[in-house]
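Every letter in the sequence shown is one number past the one before it in the numbering used here, and letter 297, counting from 1, is 331. Worksheet: one structure, shown below.
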Amino acid sequence: MEEREIGKKMKIRNYCLLLKHFCVLIAICCLLSDASSQEPVIVTRLNGDIRFDGSPDEDAWNNIEPLPMTTLQPVAGRTPSEKTEILLGYTDDYFWIGGRLYDSDPSLIQIYSKKRDEIGGENDYFGVLIDCLNNNENGFFFCTSPTGNRYDNTIFNDARDIIPYNLTWNTYWDVKTTITDEGWFAEMRIPFSSLRFKTIDGTITMGLIVNRWIPRRGEMVVFPAIDPKYGLWAKRRPSLAYDIVFKDIKPTKPVYLTPFILAGNRMTHYLDAEGTAYNKSRDFTKEAGLDLKYGITSDLTLDLTVNTDFAQVESDDQQVNITRYSLFYPEKRVFFQERSDMFDFTFGYNGANGNVFYSRRIGIHEGQPVRILGGARLTGKIGKFDIGLINMQTAKYSEELP
Numbered sequence: 035m036e037e038r039e040i041g042k043k044m045k046i047r048n049y050c051l052l053l054k055h056f057c058v059l060i061a062i063c064c065l066l067s068d069a070s071s072q073e074p075v076i077v078t079r080l081n082g083d084i085r086f087d088g089s090p091d092e093d094a095w096n097n098i099e100p101l102p103m104t105t106l107q108p109v110a111g112r113t114p115s116e117k118t119e120i121l122l123g124y125t126d127d128y129f130w131i132g133g134r135l136y137d138s139d140p141s142l143i144q145i146y147s148k149k150r151d152e153i154g155g156e157n158d159y160f161g162v163l164i165d166c167l168n169n170n171e172n173g174f175f176f177c178t179s180p181t182g183n184r185y186d187n188t189i190f191n192d193a194r195d196i197i198p199y200n201l202t203w204n205t206y207w208d209v210k211t212t213i214t215d216e217g218w219f220a221e222m223r224i225p226f227s228s229l230r231f232k233t234i235d236g237t238i239t240m241g242l243i244v245n246r247w248i249p250r251r252g253e254m255v256v257f258p259a260i261d262p263k264y265g266l267w268a269k270r271r272p273s274l275a276y277d278i279v280f281k282d283i284k285p286t287k288p289v290y291l292t293p294f295i296l297a298g299n300r301m302t303h304y305l306d307a308e309g310t311a312y313n314k315s316r317d318f319t320k321e322a323g324l325d326l327k328y329g330i331t332s333d334l335t336l337d338l339t340v341n342t343d344f345a346q347v348e349s350d351d352q353q354v355n356i357t358r359y360s361l362f363y364p365e366k367r368v369f370f371q372e373r374s375d376m377f378d379f380t381f382g383y384n385g386a387n388g389n390v391f392y393s394r395r396i397g398i399h400e401g402q403p404v405r406i407l408g409g410a411r412l413t414g415k416i417g418k419f420d421i422g423l424i425n426m427q428t429a430k431y432s433e434e435l436p
């Protein structure tokens, strides 16, 4: 009798577990249904004063419905362990994203870096992917941590590559954060001039993915719901983004002009022919040039450079090469960053098996610098076609010899 009772209880338990798993599966399937069949999110125009202070608590924010967040990992489709409210709004000039990232124990919030473009898996962070052209292929990713540091990059090829982003890319945007006894909070302010989009009958449609990472729980909170089958970069794939809509936004054609002037004086003392006195010589040098970025259309950008100077570019990390293959350093010069993926013709990981075009060769010959006289780049989209044109002119190498 006892064995029969145990057997019945085991069967009932198994049936209950099966029913539970079935219900969870149904819930996940509902959450992961095709976003294209759902109504887009209409972004709210912000009315009233907004204090850009890292606390989205004004009345203008309180009238916005938060996005429905869910988990991607460790288990997809569950309610986040920490309350997360993401609010979208806009004004004539800015796209605003407010994050109320509550935490039941703020003392456990993890912060390890304040450096620009450095947010690793050991930091709490909050970020948004924006597919500006809604082409399901490219996007801009903006991210911040509780310390308010900025992290931005471009995503290309629908995040299908081993490293599907360009971390060197930077644009104009701001973020502020605050930490309280309720958690941490953020306000992002992204100028529309920093985005690339199309206006159709006064309406702009973009794609959006929101990420919140809680490292101590190994929990990724997202919007919209994403199927884990898409792999490591699922949370950054433009094709999985949810449509958001803006109305009555006038696209701008920004012009960014960056002139530079360099000057220096070198004085040298050397002995005269008799060796009895020192002669003095002066060598005064001066340089001037400029970079210009102009938005020809909302999705077509022209970059011009004259007598280019790269003195402000971040230095490369030193590497030791013990292979027979050349090292391929990343391109960090700002002039080459706009839609850099369009000029990537590498074969194999990191170009080790072939690199048809490598922009770092421009301005260098046999390891020696060569003056760049000027150049132009045109990048963007015309209709269904991506456009990428580049022309650079350098001085003759013999002119650069001492």
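Note that beta-carbon positions come from the ideal geometry of N, C-alpha and C, so glycine has one too.
Margin query: On the CB-based measure, 16 or more other CB atoms within 10 Å of its CB, does leucine 142 come out buried or exposed?
Written below: exposed
Check: At which residues does the beta strand (DSSP E) containing asparagine 299 begin and terminate?
Finding: 289 to 305
Notebook entry, point to check: Can you tell which of Glu119, Trp207, Lys320 has the C-alpha that lies nearest to the C-alpha of asparagine 9?
Noted result: Outside the displayed range of the chain (35 to 436) lies residue 9, so it cannot be described from this structure.
Item checked: Whole-angstrom C-beta distance between arginine 150 and arginine 184, which should lie under 8 Å -> About 6 Å separates the two Cβ atoms, so the contact holds.
Margin query: Distance check for leucine 291 and alanine 61, CA to CA, integer angstroms please.
Written below: The predicted model places alanine 61 with a pLDDT of 48, which falls under 50 and marks its position as unreliable, so this point remains unresolved.
Next item on the list: State the beta-bridge partners of proline 403 as determined by DSSP.
Entry: Ile398
Next item on the list: Identify the continuous alpha helix (DSSP H) that holds asparagine 96 and give its terminal residues.
Entry: Asparagine 96: member of the alpha helix (DSSP H) spanning 93 to 96, first to last residue.
Item checked: Residue from Leu305, Thr125, Pro114, Gly132 whose Cα sits closest to the Cα of serine 138 -> Considering only alpha carbons, the answer is Pro114.
Next item on the list: Work out the CA separation of glycine 323 and leucine 65 for me, nearest whole Å.
Entry: In this prediction, leucine 65 has a pLDDT of 47, which is less than 50 and means its spatial position is unreliable; what the coordinates show is noted afterwards. Taking the CA atoms as reference points, leucine 65 sits about 54 Å from glycine 323.
Notebook entry, point to check: Roughly how far, in whole angstroms, is the beta-carbon of threonine 202 from the beta-carbon of glutamate 365, given that I think they are within contact range, below 8 Å?
Noted result: Between threonine 202 and glutamate 365, the beta carbon gap of about 7 Å places them in contact (Cβ cut-off 8 Å).
Margin query: Using a Cβ-Cβ cutoff of less than 7 Å, which residues in the same chain neighbour asparagine 204 once the five nearest sequence positions on both sides are dropped?
Written below: Asp186
Next item on the list: May I ask you to verify whether the region 249 to 267 touches the region 278 to 291, counting CB pairs closer than 8 Å and requiring at least 3?
Entry: no
Check: Got a sec? Which residues, its chain only, sit under 7 Å from arginine 271 by beta carbon, not counting five neighbours each side?
Finding: Asp192, Ala193, Tyr264
Notebook entry, point to check: When you compare each of Ile330, Val244, Gln72 to lysine 415 by their alpha carbons, which one comes out closest?
Noted result: The residue with the shortest Cα to Cα distance from lysine 415 is Ile330.
Item checked: Which listed residue (Asp165, Gly397, Gln144) has its alpha carbon closest to that of asparagine 157 -> Gln144
Next item on the list: From the DSSP output, read off the bridge partner residues of tyrosine 185.
Entry: By DSSP's assignment, tyrosine 185 forms a beta bridge with Cys177.
Check: Which of helix, strand or coil does DSSP assign to aspartate 208?
Finding: strand
Notebook entry, point to check: By how many angstroms is the C-alpha of threonine 125 removed from the C-alpha of lysine 320?
Noted result: Their backbone Cα atoms lie some 44 Å apart in a straight line.
Notebook entry, point to check: If threonine 212 sits next to glycine 401, beta carbons under 8 Å apart, how far is it from one beta carbon to the other, in whole angstroms?
Noted result: About 49 Å; that fails the 8 Å criterion.
Item checked: Same chain only: Cβ atoms within 7 Å of histidine 399, ignoring 5 sequence neighbours per side -> So the list reads Tyr431, once near-sequence residues are dropped.
Notebook entry, point to check: Less than 7 Å separating the beta-carbons of valine 77 and leucine 122?
Noted result: yes
Margin query: Based on DSSP bridge pairs, tell me the residues matched to glutamine 107.
Written below: Met254
Notebook entry, point to check: When burial is assigned at 16 or more other CB atoms within 10 Å of the CB, is isoleucine 196 buried or exposed?
Noted result: exposed
Check: Where DSSP assigns a beta bridge to methionine 426, which residues make up the other side?
Finding: Gly409
Note to self: Quick check on DSSP: helix, strand or coil for serine 273?
What the structure shows: Correct three-state label for serine 273: helix.
Note to self: For leucine 242 and glutamate 152, I'd like the C-alpha separation in whole angstroms.
What the structure shows: 22 Å
Checklist line | Segment limits, beta strand (DSSP E) that includes aspartate 126 | finding: Where aspartate 126 is concerned, there is no enclosing beta strand (DSSP E), given that its DSSP letter is neither H nor E.
Notebook entry, point to check: To which residues of the same chain is proline 262 closer than 8 Å at the C-beta, ignoring the five residues directly before and after it?
Noted result: Counting only Cβ-Cβ distances below 8 Å, and skipping sequence neighbours, we find Leu106, Gln107, Ala110, Ala268.
Check: Taking valine 244 as the reference, which of Met254, Arg250, Asp235 has the closest Cα?
Finding: Met254
Check: Which one or two residues does DSSP pair with valine 162 in a beta bridge?
Finding: Phe176, Val244
Next item on the list: Given a cut-off of 7 Å, decide if glycine 217 and alanine 136 are closer than it, judged by their beta-carbon atoms.
Entry: Reading off the sequence shown, one finds tyrosine at residue 136, where the question assumed alanine. A contact, by the Cβ cut-off of 7 Å.
Check: Taking leucine 334 as the reference, which of Val289, Ala297, Ser360 has the closest Cα?
Finding: The candidate whose alpha carbon is nearest that of leucine 334 is Val289.
Notebook entry, point to check: Using a Cβ-Cβ cut-off of 7 Å (strictly less than) and excluding sequence neighbours within five positions of glycine 82, which residues of its own chain qualify?
Noted result: Glu92, Asp93, Ala94
Checklist line | Beta-carbon proximity list for glutamine 427, same chain, < 7 Å, skipping 5 on both sides | finding: Leu407, Gly408, Gly409
Next item on the list: Would you mind reading off the limits of the beta strand (DSSP E) that contains arginine 223?
Entry: 217 to 225
Margin query: How far does the beta strand (DSSP E) with asparagine 313 in it extend, from its first residue to its last?
Written below: Looking at the DSSP string, the run of the beta strand (DSSP E) that includes asparagine 313 is 312 to 331.
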